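Reading through the structure tokens given below for one structure.
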Amino acid sequence: MRARSSIAATAPSVWPDGEMPLSATELHSTSTALPKHHASVLYNLGAAHLADARDADSTIVRLNRDLGALRIEGSDIAQDVSTFVLRDSLRRDLMKLERSIDSSYAAAVSWNKAALRLAPADDDARRNLVLAQRAFDARRRAREAQDQRNKDKDANKELGVRALAIMQQADSLVEQYRFNKALELMQQGLREDPSLKQKEEYMKKLETVTNAAKASRASGTTSPLLGSSFALLPPRHSQTPRARDPPMPASIAHRANM
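Throughout the sequence shown, residue numbering follows the numbering used here, covering 5 to 262 in sequence.
Next comes the structure, spelled out in structure tokens:
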């Protein structure tokens with residue numbers, strides 16, 4: 005990599021009014037109109053942004069390591085408060101760096117493209133362009149993969165809520181001895197969302213309801229005799245009518261009333 009000259013010191017000699025274009029994109033669109041010796045300035049701008057992005061990238065690794073090392077012990081309130089403040093500060097720094105890295109890589113790509121438009125044979129600019137483009141694309145792919153993982157996580161969470169709702173409704177039907185209706189409900193849920201097969205609790209509940217429905221049909225009653233393993237129904241305590249005491253003999257009754 006060639007030595008980078010000061011951007012501020014170089015700008016007045018390149019642009020007479022002392023002001024650079026507003027963005028690398030604007031410069032890229034007009035770079036062919038600039039003198040070819042300005043390619044080194046464009047290269048330096050690209051190199052500076054590439055270096056900034058790499059520095060920020062390595063800093064993020066260090067900050068994440070520091071953040072992971074923080075512990076809230078709970079034994080010292082003052083120390084815990086200090087740790088909370090430090091953690092929040094590190095997280096803010098990470099967010100700022102994440103935003104700056106993408107913009108720096110994008111700027112490096114634009115500046116080096118502009119330099120190559122003026123000097124197509126500049127191998128240093130071409131190499132920096134490849135490095136910046138690869139890093140930018142890698143971060144984009146990683147971000148998209150993380151977004152997809154977050155979506156899958158949200159979908160699994162919603163799936164859990166849906167499965168729980170169906171199971172609760174099936175429990176309610178079973179408590180009313182409507183076993184076939186409960187079975188239809190759970191089977192319909194499985195047809196509409198086959199991923200429910202991955203829910204072990206759902207499948208166990210379906211098996212229990214299926215056995216209850218079969219027992220109900222086999223007995224021809226709405227409340228089949230179920231084993232203690234049927235966890236859907238709460239225990240029901242039957243109360244047997246108390247047998248009446250036999251009448252006392254008349255002689256005993258007479259003495260009891262004396």
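Virtual Cβ for every residue (Gly too), placed ideally from N, Cα, C. The structure displayed is predicted, hence computed values, not measured ones.
Exercise. Indicate the three-state DSSP secondary structure (helix, strand or coil) for isoleucine 76 in the structure shown.
Key: Note: isoleucine 76 maps to coil in three-state DSSP.
Quiz item: Helix, strand or coil for glutamine 172 per DSSP?
Solution: In the structure shown, glutamine 172 sits in a helix (DSSP, three-state: H, G or I).
Exercise. Go through its chain and collect everything with a Cβ distance to arginine 182's Cβ below 7 Å, but skip five positions before and after it.
Key: none
Quiz item: Taking the C-alpha atoms as reference points, what is the distance between alanine 146 and serine 220?
Solution: Roughly 54 Å separates the two Cα atoms.
Quiz item: By a C-beta neighbour count over all protein chains shown, 10 Å radius and 16 as the cutoff for buried, is arginine 121 buried or exposed?
Solution: buried
Self-check item: Contact between the region 87 to 97 and the region 106 to 113 (3+ Cβ pairs under 8 Å)
Solution: no
Quiz item: Going along the chain, which residues of its own chain have a beta-carbon closer than 6 Å to the beta-carbon of leucine 71, five neighbours each way excluded?
Solution: Leu94
Quiz prompt | Rounded straight-line distance, which links the Cα of serine 199 to that of lysine 208 | solution = 15 Å
Quiz item: Is it right to say lysine 157 is buried, meaning 16 or more other beta carbons lie within 10 angstroms of its own, or is it exposed?
Solution: exposed
Quiz item: So what does DSSP say about tyrosine 181, is it helix, strand or coil?
Solution: coil
Practice problem: Could you check which residue in Ala118, Val89 and Asp84 has the C-alpha nearest to that of leucine 133? | Solution: Closest in C-alpha terms to leucine 133, from the list Ala118, Val89 and Asp84, comes Ala118.
Quiz item: Do you know whose CA, among Leu101, Tyr47, His42 and Ala82, lies nearest threonine 63's CA?
Solution: Leu101
Quiz item: Applying the criterion that 16 or more other CB atoms from any shown protein chain within 10 Å of the CB defines a buried residue, is valine 85 buried or exposed?
Solution: exposed
Exercise. In angstroms with no decimal places, state the Cα-to-Cα distance between alanine 216 and glutamate 196.
Key: Within the model, the alpha-carbon separation for alanine 216 versus glutamate 196 is close to 23 Å.
Quiz prompt | Continuous alpha helix (DSSP H) stretch holding leucine 101: start and end | solution = 81 to 122 is the span of the alpha helix (DSSP H), which, as asked, contains leucine 101.
Exercise. State buried or exposed for serine 44, treating a residue as buried only when at least 16 other CB atoms are found within 10 Å of its CB.
Key: buried
Quiz item: Under a Cβ-count criterion, where at least 16 other Cβ atoms within 10 Å of its own Cβ denotes burial, should phenylalanine 88 be classed as buried or exposed?
Solution: Exposed, because fewer than 16 other Cβ atoms sit within 10 Å of the Cβ of phenylalanine 88.
Practice problem: Count the other C-beta atoms from every protein chain shown that fall within 10 angstroms of the C-beta of asparagine 68, then say buried if there are 16 or more, exposed otherwise. | Solution: exposed
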